[in-house]
Ligand SMILES: Cc1ncc(COP(=O)(O)O)c(C=O)c1O
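Numbering (the numbering used here), first residue to last: 842 to 1310.
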């Protein structure tokens, strides 16, 4: 009998990567980009899958008989073996000690975060501390915290969109409550690309906090070692790392921190037993107590192969490749001008770009310096076959800091717009006229494994044409 793993092992990558030829890799694995005339610059939205990942997965599935893992049949046991192999592969990629960490499979990063948010013992003496630069899937934790009567604090950003003097801020906060609390921050901003200091993990844990690290935007292009950054919880989505499969992510959890969570419910797959008569149930230990229903077991073979793909290239090589392209992109954007020499583009985030990943948020400026609405630039890009993202990227804190919103004026504009029936355009108009904001959204370009110089050049040329109109 062929199981999924039998087929998938045939694809295992060599242990260590020499610097790869990224041009050959693009031609071999991502030929559909050039065939379709695409300049894909939305890696922070999703990575692209290499051809071989879907081809190998299709042939593995065609040769396997995999049953629901919640059983003891041969096909079920084959799936269980695949799930366990995938758990081990995730731990290996994240350099996590299996004695210390477990992997819970989730639908995505958001699902991983919600597992923690819904089960953490927030309370009047156990606050939630959020970076101002969080994705909404982390911001949403505040709904659970507030419902439990917990205070919610935000660690502010400075004018470079970096976390501001965060160590002393945390120390001061720690003096204001007796019990422990939860600190949640992104390893990399999905707005500005800033890589926030991983040293914050140790700092917060040393103060007694539980730490949730949102690694969704960081791990697609940077290695992360959980022996060095020993976060209690790490959340990620695999499609952001290697493009396929969608619908699978993970909560990588320290065993001890996971054991402290109290699940608000149980479901199929998470229990040893449930008694209807006695109204009792016993949750399963470890990861399985947090995997509601049936995990996406058919997809996990592709997750293993996806990690092999990244390991074969080498995460340090990915980081260097992405770093060089991002430097070229930022330099190109900053050098664009109108015919009269006035700047054409405003790039948000650090001027020095030190410790930043491959995500760049910017706006196009009119000659007088007014911001061109981001959706006009998005439309131009669309017409030119360039995929970028427009808006606030589900990161309102970074947006508010970047566009210098004044809190009470912005709150007034939000209230007025909500009363009138919410529309982004109306909100933008109000923010401009009485909110004092130069913009309410931006364009985001982000690069990854398959990006090349010509993708960057196409975006820069498209923008340069605006300057000469
Ligand atoms: C930093 C960050 N966190 C969380 C998420 C949410 O990821 P998902 O939609 O896969 O749950 C994203 C998605 O872009 C992100 O960039």
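Glycine included, every Cβ here is placed at the ideal spot set by N, Cα and C.
### Query
Roughly how many whole angstroms lie between the Cα atoms of residue 843 and residue 919?
With a pLDDT of 34 at residue 843, under the threshold of 50, the predicted position of this residue should be treated as unreliable, though the coordinate-derived value follows. Spanning the two alpha carbons is a distance of roughly 9 angstroms.
### Task
Any chance you could list the alpha helix (DSSP H) runs of at least 4 consecutive residues sitting entirely within the region 1021-1083, in chain order?
1040-1047 and 1080-1083
### Message
I'd like the span of the alpha helix (DSSP H) that includes residue 1220, first residue to last.
### Response
1215-1224
### Message
Beta-carbon within less than 7 angstroms of residue 861's beta-carbon, same chain only, minus the 5 sequence neighbours each way: which residues are those?
### Response
1154 and 1158
### Query
Can you name, in chain order, every residue of its own chain whose Cβ lies under 6 angstroms from the Cβ of residue 1063, other than the five neighbours on each side?
1160
#### Entry: Bridge partners - residue 1200, DSSP secondary structure assignment
1287
### Query
In or out: residue 1069 buried (at least 16 other Cβ within 10 Å) or exposed?
exposed
### Query
Quick one, are the C-beta atoms of residue 1005 and residue 969 less than 9 angstroms apart?
no
### Task
Closer than 7 angstroms by C-beta to residue 1304: which residues in its own chain qualify, once you throw out the five before and the five after it? Chain order, please.
1177, 1185, 1186 and 1205
### Message
According to DSSP, simplified to helix, strand and coil, what is residue 985?
### Response
helix
### Message
For residue 1026, tell me which candidate among 869, 1077, 870 and 1001 has the shortest Cα-Cα distance.
### Response
1077
### Message
One question on the structure: do residue 888 and residue 1083 come within less than 9 angstroms of each other, judged by their Cβ atoms?
### Response
yes
### CB contact check: residue 1301 to chain C, cutoff 9 angstroms
Among the protein chains of the structure shown there is no chain C, as only one such chain exists.
### Task
Answer yes or no: do residue 945 and residue 1217 have a C-beta to C-beta separation smaller than 9 angstroms?
no
### Message
Counting C-beta neighbours from all protein chains within 10 Å, is the total for residue 1199 16 or more, i.e. buried, or is it exposed?
### Response
buried
### Message
Measuring straight from C-alpha to C-alpha, what distance separates residue 1010 and residue 1283?
### Response
29 angstroms
### Task
Run the proximity test for residue 1027: is its beta-carbon closer than 8 angstroms to any non-hydrogen atom belonging to ligand 1?
yes
### Task
Determine the DSSP secondary structure at residue 1307, reduced to helix, strand or coil.
helix
### Task
Please confirm whether residue 1299 and residue 1225 have their CB atoms less than 9 angstroms apart.
yes
### Task
For residue 1289, count neighbouring Cβ atoms within 10 angstroms of its own Cβ and tell me buried if that reaches 16, exposed if not.
buried
### Task
Determine the contact status of residue 984 and residue 1021, defining contact as a CB-CB distance below 9 angstroms.
no
### Query
At which residues does the alpha helix (DSSP H) containing residue 1164 begin and terminate?
1156-1176
### Query
So, do the region 1128-1146 and the region 915-931 have three or more beta carbon pairs nearer to each other than 8 angstroms?
yes
### Task
Might you give, ordered along the chain, the residues of its own chain that have their beta carbon closer than 7 angstroms to the beta carbon of residue 852, omitting 5 neighbours on each side?
Reliability of the predicted coordinates at residue 852 is poor, the pLDDT of 43 falling under 50, and the value obtained from them is presented with this limitation in mind. Excluding positions up to five away in sequence, the list reads 897, 1146 and 1149.
### Buried or exposed (CB count within 10 angstroms, at least 16 for buried), residue 1017
exposed
### Task
Note down the Cα distance separating residue 874 from residue 1256, rounded to an integer number of angstroms.
43 angstroms
### Task
Determine the direct distance from the alpha carbon of residue 1094 to that of residue 1294, and round the result to whole angstroms.
38 angstroms
### Query
In three-state terms, what does DSSP make of residue 1102?
coil
### Query
What did DSSP end up calling residue 976 once you bin it into helix, strand or coil?
coil
### Query
Do residue 1266 and residue 1254 have their C-beta atoms within less than 9 angstroms of each other?
no
### Message
Using C-beta distances below 6 angstroms, list every residue in its chain close to residue 1003, excluding the 5 sequence neighbours before and after it, in chain order.
### Response
1035
### Message
Between the alpha carbons of residue 1037 and residue 1123, how many angstroms are there, rounded?
### Response
39 angstroms
### Task
Rounded to whole angstroms, what's the CA-CA distance from residue 1090 to residue 925? Just pull it up for me.
15 angstroms
### Query
With 16 other CB atoms within 10 Å as the buried threshold, where does residue 1182 fall?
exposed
### Distance cut-off 8 angstroms: residue 954 Cβ against heavy atoms of ligand 1
yes
### Task
Determine the burial state of residue 1121: buried for a count of at least 16 other Cβ atoms within 10 Å of its Cβ, exposed for fewer.
exposed
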